[in-house]
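A quick write-up on the structure given underneath.
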Amino acid sequence: MKEEVDKDHTLLKGVLELKQLELDQQIRELSERKQAIELLKKKFENGGIELSSFQVGIKSIPKMKVASLKASISTYSTQAGLWAELLDYLNKCRIRTGNERYTIYYDSIYKDDDIQVEILKRVMASFPETERIKCKTQEAYEEAACLLHTGEHESVMDSYEAILTWIEENNYEIIGNIREEFHMDDYMTDDPKEFVTEIQIPVRKRGGKQDEDHRPDKGDQ
7 MKEEVDKDHT LLKGVLELKQ LELDQQIREL SERKQAIELL KKKFENGGIE
57 LSSFQVGIKS IPKMKVASLK ASISTYSTQA GLWAELLDYL NKCRIRTGNE
107 RYTIYYDSIY KDDDIQVEIL KRVMASFPET ERIKCKTQEA YEEAACLLHT
157 GEHESVMDSY EAILTWIEEN NYEIIGNIRE EFHMDDYMTD DPKEFVTEIQ
207 IPVRKRGGKQ DEDHRPDKGD Q
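Everything in the sequence shown is counted per our numbering, starting at 7 for the first residue and increasing by one.
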């Protein structure tokens with residue numbers, strides 16, 4: 007009788023521990039979403055984000071430690087599975103993360119199949135790597151042309167046309183792969199009209215000093 011009671015207690019303890027892990031994960035995810043929304047609100051309040059159509063600006067991109075997952079996808083809008091894989095793994099590792107989430111595109115933005123991408127999530131510490139998920143330091147760029155796209159990702163091509171035209175007309179040249187930072191996406195809202203994606207393209211002025219440190223690392227492509 008005592009053995010059966012002990013067995014029941016062990017099973018119940020296991021169920022409760024599993025439930026606690028699930029709740030801890032949900033709390034971390036909600037906390038990240040809250041922090042991202044608060045950060046976005048501060049940017050709006052401080053005038054750091056312009057929502058006028060095709061407002062292009064220049065800013066620096068800092069170096070940061072990230073969790074990385076490279077893959078080939080069929081369309082630009084089918085990244086949800088990759089993000090689920092990466093974020094679930096980081097949650098299981100109990101790694102503290104930052105708000106920044108990026109996708110780097112290693113192919114032309116006009117490609118419609120077999121698109122090589124790398125998704126990146128900022129992390130505050132190293133973690134055990136897997137065959138697919140790596141820990142690395144993402145390079146910095148002194149200058150990047152940036153444009154905020156609002157709305158669903160399927161309508162992003164006009165924004166790309168605008169930023170690429172701006173780069174050419176303002177005598178810049180592209181020195182790195184196109185990136186997208188997600189300020190507001192389906193992890194924070196169910197309404198695609200509220201999505202906010204920042205397009206970032208590393209650049210430098212044409213005819214300026216050649217800086218090999220700011221060229222894309224071919225070994226990472």
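C-beta: ideal position from N, C-alpha, C; glycine also.
Residue burial is scored here from C-beta neighbours: Gln61 has fewer than 16 other C-beta atoms within 10 angstroms and is therefore classed as exposed.
Going by DSSP, Ala168 is part of the alpha helix (DSSP H) stretching over 163 to 175. The beta carbon of Glu91 sits closer than 8 angstroms to the beta carbons of Leu75, Arg138, Ile139 from its chain, once the five residues preceding and following it are set aside; these are given in chain order. Taking Ala151 as the centre and dropping the five residues before and after it, the same chain places the C-beta of Val62, Ile64, Ile169, Trp172, Ile173, Tyr178, Ile207, Val209 closer than 7 angstroms to its C-beta, in chain order.
Cβ-Cβ separation between Met194 and Arg128: approximately 16 angstroms, too far for a contact (criterion under 8 angstroms). One alpha carbon belongs to Lys199, the other to Glu160, and they sit about 11 angstroms apart. Ser74 has Leu126, Lys140 as its beta-bridge partners, per DSSP. Rounded to whole angstroms, the Cβ separation of Ile205 and Ala146 is 18 angstroms, and the two are not in contact under 8 angstroms. In terms of Cβ geometry, Ile184 and Tyr111 form a close pair [threshold 8 angstroms].
Non-local beta-carbon contacts of Leu153 in its own chain, meaning distances under 6 angstroms to residues more than five positions away in sequence, involve Val62, Ser165, Ile169, Ile205 in chain order.
Judged by their CB atoms, Arg102 and Ala131 are nearer to each other than the 8 angstroms cut-off.
Following the DSSP letters along the chain, one finds Tyr82 in no beta strand (DSSP E), marked with neither H nor E. Beta-bridge annotation (DSSP): Leu154 is paired with Glu204.
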